[in-house]
Amino acid sequence: MRVPDNFLHYLSLHRQSGQRLLSEAQAFQAGEIELAVLPQQARIRKMVFEVMGEVHRMKAFVRLEPLGERVLYGFLQPRHRIGELICEHFARRNEGTIVVLGSGSESWTALLCGGRIYRDQGPGLTETVERLKKALPDCGGGMEPGSDVERLWQVYYDSQYCRERKNVEAFKRNMPRQDQESAGLRLVQRRRETTLDDFMGRETT
Amino acid sequence: MKKISQHFDHFRPAGIQVITEEHAIFIPMVSLEKIAHLADDCRFDSIGPPAAAAIDPEKLRRLGEGTRHDVCASTFSPRERPLPGICHAFTQDGRCVSLFKTLYTNHCTHQCSYCTNASGCSKKAKAFSYTPEELARITTSLYRGNYIEGLFLSSGSGRDEESIMEDMIETVRLLREQWAFSGYIHLKVLPGASQQHIQEAMMLADRVSINLEAASASHLSEICTTKDYERDIVQRQRYIRDFAAGCREDSALPGMGRLLPAGQTTQLVVGAAGESDEEILQRIVYEYREIGLRRAYYSAFSPQAGTALEGSSPQPLWRERRLYQMDWLLRVYRFRPEEIRRAFDEGGFLPNSDPKASIARQLLDGPLDPNAATYEELLRIPGIGPKSAQRIMALRKIRPIASRSQIADLGVRIRRASPFLEINGWRDSTLEMWSD
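Listed in order, the protein sequences are those of chains A and B.
Residue numbering for the first sequence follows our numbering, starting at 1415 and increasing by one per position.
Residue numbering for the second sequence follows our numbering, starting at 4 and increasing by one per position.
Now the structure itself:
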């Protein structure tokens, strides 16, 4: 990872960053932070990388469910203040489609239309989606997890596993549990739903 | 000579445009109701059909399994600006799942002795095939749901390679032109595909590849009797190289400089034909130099039930890993082939140890001072990569490097590097440097 020129933006999104740290950081160039040997600069680099790392993993791990033809929504509960940034990323990726991300307490909405990004920030995900359903009466569907696409994905995902290459350590390293939870990935959720019966006479896949 | 553009007046790369952060105009916060209203207005801009059609899960599984030994997971494509590849999931074998990797059909008339889809396989699965519409629909659905970054499309030869290749291209054309799919596409070129099909594939995909499978014609003939190494594979790689070069030079083709942004690649099955690591690397050096290959992938041979090689021993996975390390030294660290050669044993195989350390022990006469070493010399020290070498060069312009901890702070893996470094006249000499 490299310290980007706009590292101040990433630093401002860190959950522990404040005005004081930001004004101190303004005195540095990205290259200085990259080569940091002083503790303060090294701390800034660490914080920037923490945010960039979470941004990257949320772009990868958040899953979007369709709600009719014009809305995609997904669970997101990041550790840093990156909700809006991630939401805009998905809006750019799906032009003309409203993207809503969030959790129980807050949500972010974005739409790319005609080269412009429109944004909103509001209460919990469920409430925002309900409001959208009222505003777009034909969007139909419900917020039921486990769509057809999710089932397709699960079949495909299972097909890619090579038993002879089993390497659970690498799996855990690459998919940190904390990030799976932030993105609401069902890989984790399924493990939580596991009961004692699953371990008796049933082989894990 | 007729310009390439004259052959392709009717054909231009698909209108692939991703609105990046720099290009989008941000509007201050607006109400949710206004966003809903705007979405209604611009619904014709949105991509693809929203839901996947009913797909036979058995087909999805079988055709997915057909590509599980293909190792290309990269989605790096500098189409707009360099972006890192994204892994959307990892399987329990620790490998990245970033693309929807699938076969178009698992029906194949080739007789590859390592492959479960080969015509001679006694445990061959039921034959399945997608239609272009069906495959494009699944890809779009998975992409919209953020399960994948793009499509990796390979195939068995079917009854007729040309018609399968046509269907594969049609799938990609549907994605790009009908559904404005802006994701990454890696398209396999089938051995023996026509020049016309190869060119069409290049116009639409981010990356194309044709699998070498073996290090030479004689090795391929031992594992597959139906493919001609030179005519069906290497000649096709040259078509790709020449067409890409022709497009770059042809000023009548604006935008063609971005043709095939992720280049062409290949894959080898390591150990199926009994070739040595040195033979594989020799081939790869040729591929990088003469074919202009972007990179090569290696897949350690693993015997499959029902195939002619079912009784053969599997290749250790570390062999694949050592080949990747050597490949990295060639491609990224720019080691010369004569330097690379030092890592092989007498039989031309790599031992199961870090090849860079092995080469360094033979190449470096003594420890190097990081304050005086050149960039190339720094790169040859184990534990120092291109980034940390650049950081060392930058830091010593400001002040001399005086301690091991300074070097470690720059990202150098100090335990591996220290036997080869002399800092302030002090060196950390260990037996490790001299042992095998």
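Where is the CB? At the ideal position from N, CA and C, for every residue including glycine.
Note that the structure is a prediction, hence the values are computed from the model and not measured.
Query raised in the report: Does the beta-carbon of A276 of chain B have 16 or more other beta-carbons within 10 angstroms, so that it is buried, or is it exposed?
Result: Label assigned to A276 of chain B: buried.
**Report entry** Under 9 Å (Cβ pairs) to chain A, residues found in the stretch 89-118 of chain B
**Finding:** The stretch 89-118 of chain B vs chain A, Cβ under 9 Å: I89, C90, H91, A92, F93, T94, Q95, D96, G97, R98, C99, V100, S101, F103, K104, T105.
Query raised in the report: Is P1492 of chain A close to chain B, meaning its C-beta is less than 9 Å from at least one C-beta of that chain?
Result: Closer than 9 Å: no.
**Report entry** Beta-carbon spacing of S461 of chain B, E278 of chain B below 9 Å
**Finding:** In the structure displayed, chain B extends from 4 to 439; residue 461 of chain B sits before or after that span and is not available.
Query raised in the report: Using 8 Å as the threshold, is the stretch 164-172 of chain B in touch with the stretch 180-194 of chain B, meaning 3 or more CB pairs across them?
Result: Contact holds: three or more Cβ-Cβ distances are below 8 Å.
Report task. Would you check if there are 3 or more beta carbon pairs closer than 8 Å linking the stretch 1574-1585 of chain A to the stretch 1451-1459 of chain A? Result -> A contact is defined here as three or more CB-CB pairs under 8 Å, and the stretch 1574-1585 of chain A fails this definition with respect to the stretch 1451-1459 of chain A.
Query raised in the report: Going by the CB atoms, is the gap between E282 of chain B and G351 of chain B shorter than 9 Å?
Result: Cβ distance < 9 Å, so G351 of chain B and E282 of chain B count as in contact.
Query raised in the report: Taking one C-beta from the stretch 171-191 of chain B and one from the stretch 200-216 of chain B each time, how about it: are there three or more such pairs within less than 8 Å?
Result: Cβ pair count under 8 Å is three or more, so yes.
Query raised in the report: Can you tell which of B:K37, B:P370, B:E225 has its C-alpha closest to the C-alpha of S116 of chain B?
Result: Ranked by how close their Cα comes to the Cα of S116 of chain B, the residues B:K37, B:P370, B:E225 have B:E225 in first place.
Report task. Please say whether I201 of chain B and I243 of chain B have beta carbons closer to each other than 9 Å? Result -> The answer is yes: Cβ separation under 9 Å.
Report task. Could you check what DSSP says for M1557 of chain A in three-state terms: helix, strand or coil? Result -> For M1557 of chain A, the predicted model reports a pLDDT of 48, less than 50, meaning its position is unreliable; a value from the coordinates is still stated below. It is coil, neither helix nor strand.
Query raised in the report: Which of the residues in the stretch 59-71 of chain B, read from start to end, lie with their CB under 7 Å from any CB of chain A?
Result: Result list: P60, L63, R64, G67, E68, R71.
Query raised in the report: At least one CB of chain B closer than 9 Å to the CB of D1572 of chain A: is that the case?
Result: Interface flag for D1572 of chain A against chain B is set, since a Cβ pair is found closer than 9 Å.
Requested in this report: Tell me the start and end of each unbroken beta strand (DSSP E) in the stretch 288-339 of chain B that is at least 3 residues and wholly inside, in chain order.
Outcome: Along the stretch 288-339 of chain B, the beta strand (DSSP E) occurs as fully enclosed runs of 3 or more residues at 298-303, listed in sequence order.
Query raised in the report: According to a CB-to-CB cut-off of less than 7 Å, which residues of the stretch 1518-1549 of chain A neighbour chain B?
Result: In summary, the residues of the stretch 1518-1549 of chain A whose CB is separated from some CB of chain B by less than 7 Å are T1523, L1525, L1526, C1527, G1528, G1529, R1530, I1531, Y1532, R1533, D1534, Q1535, G1536, T1542, R1545, L1546, A1549, in the order they occur in the chain.
Report task. Return the chain-ordered ranges of every alpha helix (DSSP H) run that is complete within the stretch 372-425 of chain B and spans a minimum of 4 residues. Result -> Within the stretch 372-425 of chain B, the complete alpha helix (DSSP H) segments of 4 residues or longer fall at 378-382, 389-401, 407-412, 417-420, listed in chain order.
Query raised in the report: What residues of chain B sit near F1585 of chain A, judged by a beta carbon separation below 8 Å?
Result: Within chain B, the residues placing a beta-carbon under 8 Å from that of F1585 of chain A are F93, T94, Q95, D96, G97, ordered along the chain.
Query raised in the report: For G1510 of chain A, which option in A:D1593, A:G1516, A:R1495, A:G1529 has the closest C-alpha, if you only look at C-alpha atoms?
Result: For the residues A:D1593, A:G1516, A:R1495, A:G1529, the minimum Cα distance to G1510 of chain A belongs to A:G1529.
Query raised in the report: Comparing the C-beta of H40 of chain B with each C-beta of chain A, is any distance below 9 Å?
Result: H40 of chain B counts as touching chain A.
Requested in this report: Report the three-state DSSP secondary structure of K126 of chain B (helix, strand or coil).
Outcome: DSSP places K126 of chain B in coil when its eight states are reduced to three.
Query raised in the report: Can you check whether the CB of Y150 of chain B is closer than 9 Å to the CB of R1477 of chain A?
Result: Yes, Cβ-Cβ distance for R1477 of chain A and Y150 of chain B is below 9 Å.
Query raised in the report: Given a threshold of 16 other Cβ atoms within 10 Å of its Cβ, counted over all protein chains shown, does L146 of chain B qualify as buried or as exposed?
Result: With the sequence shown as reference, residue 146 of chain B is identified as Tyr, and Leu is not the correct amino acid for it. Flag for Y146 of chain B reads buried.
Requested in this report: Give the interface partners of I1512 of chain A over in chain B, defined as CB-CB distance under 8 Å, in chain order.
Outcome: The answer, in chain order, is I38, A39, A42.
Query raised in the report: Exposed or buried, what is E1544 of chain A when buried is set at 16 or more other beta-carbons lying within 10 Å of its beta-carbon?
Result: With fewer than 16 Cβ atoms within 10 Å of its Cβ, E1544 of chain A is classed as exposed.
Query raised in the report: Nearest to G1497 of chain A by CA position, among A:N1588, A:E1520, A:T1542, A:R1416, is which residue?
Result: The candidate whose alpha carbon is nearest that of G1497 of chain A is A:E1520.
Requested in this report: Look at the alpha carbon of P340 of chain B and the alpha carbon of L333 of chain B, and state the distance between them as a whole number of angstroms.
Outcome: The alpha-carbon separation between P340 of chain B and L333 of chain B amounts to approximately 8 Å.
Query raised in the report: Along chain B, in chain order, which residues have C-beta atoms closer than 7 Å to that of F1442 of chain A?
Result: In chain order: nothing, as chain B lies at least about 14 Å away.
Report task. May I ask which residues mark the beginning and end of the alpha helix (DSSP H) holding F1475 of chain A? Result -> First-last of the alpha helix (DSSP H) with F1475 of chain A: 1453-1475.
Report task. Pull up the distance between the alpha-carbon of P422 of chain B and that of G388 of chain B, whole angstroms please. Result -> Distance between P422 of chain B and G388 of chain B, taken at the CA atoms: about 16 Å.
Report task. Flag this pair as yes or no: are the beta carbons of C1501 of chain A and L1515 of chain A separated by less than 9 Å? Result -> It is a contact, given that the beta carbons lie within the stated cut-off.
Query raised in the report: At a Cβ threshold of 9 Å, is G1615 of chain A touching chain B?
Result: Here G1615 of chain A scores only 43 on pLDDT, less than 50, and its place in the model should not be relied on; the value that follows carries that caveat. Chain B, which has no Cβ nearer than 9 Å to the Cβ of G1615 of chain A, makes this no.
**Report entry** Under 9 Å between C-beta atoms of I426 of chain B and A397 of chain B
**Finding:** Judged by beta-carbon spacing, A397 of chain B lies beyond the 9 Å limit of I426 of chain B, meaning their Cβ atoms are not closer than that value.
Query raised in the report: Does R261 of chain B get closer than 9 Å to chain A when you measure Cβ to Cβ?
Result: No, its Cβ sits nowhere closer than 9 Å to a Cβ of chain A.
Query raised in the report: Since I172 of chain B is in the alpha helix (DSSP H), which residue starts that stretch and which ends it?
Result: Its alpha helix (DSSP H) spans residues 164-176.
Query - Proximity winner among B:E342, B:P358, B:D43, relative to L1526 of chain A (alpha-carbon distances) - result: Comparing alpha carbon positions, the residue from B:E342, B:P358, B:D43 closest to L1526 of chain A is B:D43.
Query raised in the report: In whole angstroms, what is the alpha-carbon distance linking P273 of chain B and S305 of chain B?
Result: Note that residue 273 of chain B corresponds to Val in the displayed sequence, not to Pro. Going from the Cα of V273 of chain B to the Cα of S305 of chain B covers about 9 Å.
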